[in-house]
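So the sequences go chain by chain: A and B.
So the first sequence is numbered by numbering that gives the first Met the number 0: it starts at 0 and just counts up by one.
So the second sequence is numbered by numbering that gives the first Met the number 0: it starts at 0 and just counts up by one.
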Amino acid sequence: MKSSVKRFFNITLIITGILFVHSCNNSFDPTDRDNGTYSVHGMLDLMEESNYIRVRNMNAPFTLEATEELDVIVTLQNMETGASSFLEPSIREYRGVYLHTFSYDKQALPDTGYLLSVESSDGFKVDLETVTPTHPEPQIIREDNGCSTPVNMVFDPMNGGTFTVRFGTELDTEEKDGVWGRIYTFEPSNYEDRVSISFTPLRTAQGVEASFGTCFSLLPGRNLYVAIAHYSPGFYEELNADVTDILETTRRFGGFYADTLAIPVDPSR
Amino acid sequence: MLILWRFRLTPQDKRCVVLKNIATVILIFLLCITGLEKIQAQEGALLRIVTINGEDGTPMTGATVVLAEPGVEEPPDMFCVSDRDGLCEIRNIEANVELELTVSYVGFQSYNETIQFEPGDRKLVRATLNPAVGELNELVVTRQRYLTTGEVGIQRITSTQISRTPSPVAGGDLATFLQTVPGVITSGDRGGDLYIRGGTPDQNLILVDNMPIIKPFHISNLFSAFPDNIIQNADLYAGGFEPGYAGATSAVLDVALRPGNMREYSASASVSPYIVGLQAEGPLEKDRSSFLLNSRYSLIDETGGFLTGEDQNIQFADVLGRYTVQDENITCSVTGLYTHDSGEIVPMRNVDHSWTNVAAGARCLAFSETFNHPIDASAGFTSYKNEEGTPEQRERLSIVNQIYVAMDFKNDIGRLPVDIGFGMTMKTYRLELSERFTRFVSLENLDVTVPVGYVFTATEWSVGDHITFYPGFTSQFTLDMPLTFEPRLRIAWQPGGSDQSQFSLAAGRYVQMHSGISDERDAGTVFTVYQPVEPGDPFPSAIHGLLGYNQRIGQSVSFNLEGYAKRHFNIPVSKWNPEPRIELETALADGLTFGFDFRFSLEEPLYYATVSYGWVLSEYEAVSGDLGAWVEEPVFSYSPAHDQRHKLNITGGRRIMGFNLDARWELGSGKPYTEIFGYDFSFRLPFENPNTSPGTARILYSEPYNGRMPWYHRLDVSVSRDFELGGSTRLETQLGVINAYNRRNIFNFDYGTLQRVDQSPFFPYLSVRMIL
């Protein structure tokens, strides 16, 4: 019995030693490197002469050392003409992290397909496509500038992007915010090839201000303001969707423009 | 119209139906208790034995009681083992036969008495065992039976086992020993939570002298409220537990505290770098009543930085008092317990955790020659409070208060012993969340009281000489919910009638009326919301199946092999979101756990060794949409954070020249965690321009629990020696080290600070206990 006990201890010691040596790997990297990917955030604003794209290596933690280098080339191709442009890189430091931004210094064209490519030297590539929204001149159809005269505002053509409208009675200034009503959203399912909006300035102003004031009191600037935003097809939905895929939330690219129109109003009519 | 009305019950009608059901069940049991008295005819005699330790006058657990005809060589068939009250019973004794009663316990002189019964006799014998001097009586050894009672899923824990596990306190602690049990998982070396065979802490029932205590484990996982020198014994039911335990779906830890010394006064003081303790006990009336006081307070926040080079910002304390009175026919105890824990689980996170237990309860066991059965009654109050927040402000608070009463009777139906019991607990749940969290969670601030009752019955039925069935069922009820039906069964089979080996099986259904919600993705948080199950919602429940084989070889060697499976239903799990943040929104998941444990044990007078290995697989599944998971499958399966596949513990010790050498080595596989998908700066397009705005830094989770932490292992060693200083004064000393080869074992990865948090480094200690 005693020799078997000794044998037992010896075997246990050997097994323990083997296990100890075998299980020496104690390193720990919490990053899921199988994804090995880049995040891309940016848009083509039709109203801007230059547009900017932020690219980041998502495996790089938030340190100066890890973010200093970004081994990518970013290009933007006009899919109508085939012309391709390299985006100019720039780097700046922000709270211990380097930020890499790429600029496109040509004005983006409306209703045009673009392909944004981010490619690393080891061949990993991210391609993002978008079609910029159309940029129709708004048509204002009305009999006169009267406060109670119906107005029909038409945007034509549209190419399937979401369109948002917001009415206001005062513009934002540096000192204070303007006065604006709720946002009206026109999704592709709400229109065919154009967006037509009908309203009456006085009723609209009363809705914005939530009061039954007169034209004189509600519209002192003699203008009813209309803030519009027009997105690439699918871009608005992408920005406002519930998270179903993490990867999607790290790649945002689309076309967009925003503008503010002033609808003149004559309170005396 | 009348017919239509019958099927359209109003809430008041439903409550009426439930109350009627409750009343019916209680009535049935009252009839069983009183009516069955008459069924107990003059069939056989009854012997009750109370075994007393001659050293201190306290009840003795685990003494073997044998009743046999003198001179008969065959193995006796009338025997029992004394329970935590020192009591055991032998029933249906043949009358008019001279019998020899032997009560024995290793290390003590046996008690012998010749006894004879008249038909229907009920005798009570108080057997006092005095310590043996010199060689063990051979008669004791040959008459010693290793009595097994369907032990699958049960770990019987003694204070000796606890004291042998290296621990930075003189004597040892239950928490340290529990970590050597296969199937028992902790989140590391801090947090105070136990995961047992795939179950979560809120699925466990912990009883201390019948008081339900939510979390008696300290913030350092090396300590609980129970040092070795206050425990009478502890039973860990890792699954398949008997009907008397209601309200848990995973495991039960039943701790019995010992009474104070009934004959002599004693006091002790202990100190180690981790903790300081005081204890006092003694008789209030010799052999009749005693007191026991024990208190401990941590020092690790003062000494940890010096000894380990790392600040240990944790504090804990516990205070226990016990009054015991025993008479010829009754034993009562009153116990009070207070524990408090606070500190930082993850040092760099600047989040404070704390929890407090307050408990006071009384228990009486009455037995006499007049009653046909002993009556066990207990009542008391417990309170558990846990909170979390910044040092400046508490952000989350959850409280559970319980007022309980329980009674347990034993009786006979014909020749079948029947155990019947019922209990009622008034549970008050309170939850307070700061505004920062109420905006995100579906939980609301809560303050509700729910009465929960239960009844149970169990019996024991032997078929032939070798197989015994232990069927029973439990039923729980509240005012708003239907009765539960929880059948349970244990079977024990001793092949060939040998008491050296046994196959056992346990199965059953288990239901609980509450759920505990915590964000398991983050080991650095231990805050748990306890709340009752809402009327109309499904109960968390489980089905257990266990199969075990136990074999003894001679006097010294035993091994045990157990396989088990648990199926859990309606487990609340945190919903997922792609960003690491506290998440208390929940979805319901189902879980499946299966695995096996193997234990080998060698016990010799001068040395011992234990090898235990556990393999377990836990898997949860839930509807992906409910979880908020960004996966394509409609039902998503994953391994929860406590799915530790492999755990190996080797403990051993030897006595050499008056010194006790003890060592423990543990090896465990890594637990699941969620990898980081990436580090990103997000933008609120089109309102933020990448040229002018930096964006918002965020860390994104990858697919939930898709990674495994590295394996860990740790060696703890100690050498101890006792010194007799004259009179009854004794000095116990222990020199040891935790994590002897200073391995960096990971505790968790903190996503907020992007830092790895390790478990305890090399920690030397010298602990001293002076006993007067």
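C-beta: ideal position from N, C-alpha, C; glycine also.
Residue environment, residue i, which counts as buried when at least 16 other CB atoms sit within 10 Å
i, result
"G515 of chain B", "buried"
"R5 of chain B", "Legend: pLDDT at R5 of chain B = 36, less than 50; position of this residue unreliable, no value from coordinates given."
"Q138 of chain A", "exposed"
"F255 of chain A", "buried"
"V756 of chain B", "buried"
"P156 of chain A", "exposed"
"K670 of chain B", "buried"
"T248 of chain A", "buried"
"Q115 of chain B", "exposed"
"K285 of chain B", "exposed"
"I38 of chain B", "Low local confidence applies: a pLDDT of 43 at I38 of chain B is under 50, so the model's placement there is unreliable, with the coordinate-based value given in what follows. With fewer than 16 Cβ atoms within 10 Å of its Cβ, I38 of chain B is classed as exposed."
"M347 of chain B", "exposed"
"V139 of chain B", "Interpretation of V139 of chain B is limited by its pLDDT of 37, a score under 50 that renders its predicted location unreliable; no figure is taken from the coordinates."
"F222 of chain B", "buried"
"R435 of chain B", "Note that R435 of chain B scores a pLDDT of 49, beneath 50, so its modelled location is shaky; the value from the coordinates is reported in the next line. The residue in question, R435 of chain B, is exposed, as its Cβ has fewer than 16 Cβ neighbours within 10 Å."
"M512 of chain B", "buried"
"V105 of chain B", "exposed"
"N239 of chain A", "exposed"
"L605 of chain B", "exposed"
"T490 of chain B", "Correcting the residue identity first, residue 490 of chain B is Ile in this sequence and not Thr. When all chains shown are included, I490 of chain B counts as buried."
Residue i: first and last residue of the uninterrupted alpha helix (DSSP H) it sits in
i, result
"P200 of chain A", "200-208"
"Y235 of chain A", "234-239"
"E301 of chain B", "299-307"
"R55 of chain A", "It is not in any alpha helix (DSSP H) - R55 of chain A instead sits in the beta strand (DSSP E) that spans 50-56."
"R163 of chain B", "158-163"
"T30 of chain A", "No alpha helix (DSSP H) holds T30 of chain A; DSSP gives it neither H nor E."
Where the beta strand (DSSP E) through residue i begins and ends
i, result
"T473 of chain B", "466-476"
"R141 of chain A", "Per DSSP, R141 of chain A belongs to no beta strand (DSSP E) and is neither H nor E."
"L177 of chain B", "Unbroken run through L177 of chain B is the alpha helix (DSSP H), 173-177; no beta strand (DSSP E)."
"E112 of chain B", "110-114"
"R90 of chain B", "86-92"
"E92 of chain A", "87-93"
"E247 of chain A", "Segment 245-248 is the alpha helix (DSSP H) holding E247 of chain A; no beta strand (DSSP E) there."
"F635 of chain B", "634-637"
Residue(s) in a DSSP beta bridge with residue i
i, result
"C79 of chain B", "B:V64"
"R713 of chain B", "B:E665"
"P263 of chain A", "A:N222"
"P450 of chain B", "B:M425"
"L364 of chain B", "B:T330, B:D375"
"W575 of chain B", "Answer by DSSP bridge pairing: none, since W575 of chain B is not bridged."
"M210 of chain B", "B:V207"
"K122 of chain B", "B:L46"
"A59 of chain A", "Paired residues: none, contrary to the question."
Member of the options whose CA lies at the smallest distance from the CA of residue i
i, options, result
"E97 of chain B", "B:K285, B:P118, B:P69", "B:P69"
"F225 of chain B", "B:L445, B:W664, B:E485, B:T338", "B:T338"
"S109 of chain B", "B:V64, B:R362, B:I770", "B:V64"
"I48 of chain B", "B:G452, B:E112, B:V71", "B:E112"
"V150 of chain A", "A:S116, A:R202, A:T30", "A:R202"
"L291 of chain B", "B:R768, B:R262, B:D188, B:F315", "B:R262"
"G238 of chain B", "B:Y296, B:A588, B:S503, B:L684", "B:S503"
"A62 of chain B", "B:D464, B:D55, B:V80", "B:V80"
"G452 of chain B", "B:T477, B:S297, B:T728", "B:T477"
"T157 of chain B", "B:I229, B:H372, B:I542, B:D498", "B:I229"
"E72 of chain B", "B:E99, B:G85, B:R90, B:T179", "B:E99"
"S341 of chain B", "B:D326, B:N209, B:I313, B:V333", "B:I313"
"G197 of chain B", "B:F595, B:D326, B:Y296, B:Y322", "B:F595"
"R193 of chain A", "A:H134, A:Q76, A:L108", "A:H134"
"T252 of chain B", "B:I274, B:I218, B:P211", "With the sequence shown as reference, residue 252 of chain B is identified as Leu, and Thr is not the correct amino acid for it. Of B:I274, B:I218, B:P211, the residue nearest in Cα terms is B:P211."
"G726 of chain B", "B:L771, B:H352, B:H567, B:P703", "B:L771"
Checklist line | Contained beta strand (DSSP E) runs [length at least 3] in the region 225-290 of chain B, N- to C-terminal order | finding: Those beta strand (DSSP E) runs which fall completely within the region 225-290 of chain B and span 3+ residues are 230-236, 250-256, 265-270, 274-284.
Checklist line | Within the region 96-139 of chain A, ranges of the beta strand (DSSP E) (whole runs, at least 3 residues) | finding: Look at the region 96-139 of chain A and you find these whole runs of beta strand (DSSP E), each 3 residues long or longer: 96-103, 112-119, 124-130.
Check: At what residue ranges does the region 143-201 of chain A contain a whole run of the beta strand (DSSP E), taking only runs of 3 or more?
Finding: Complete beta strand (DSSP E) runs here, min 3: 150-154, 162-169, 178-185, 194-198.
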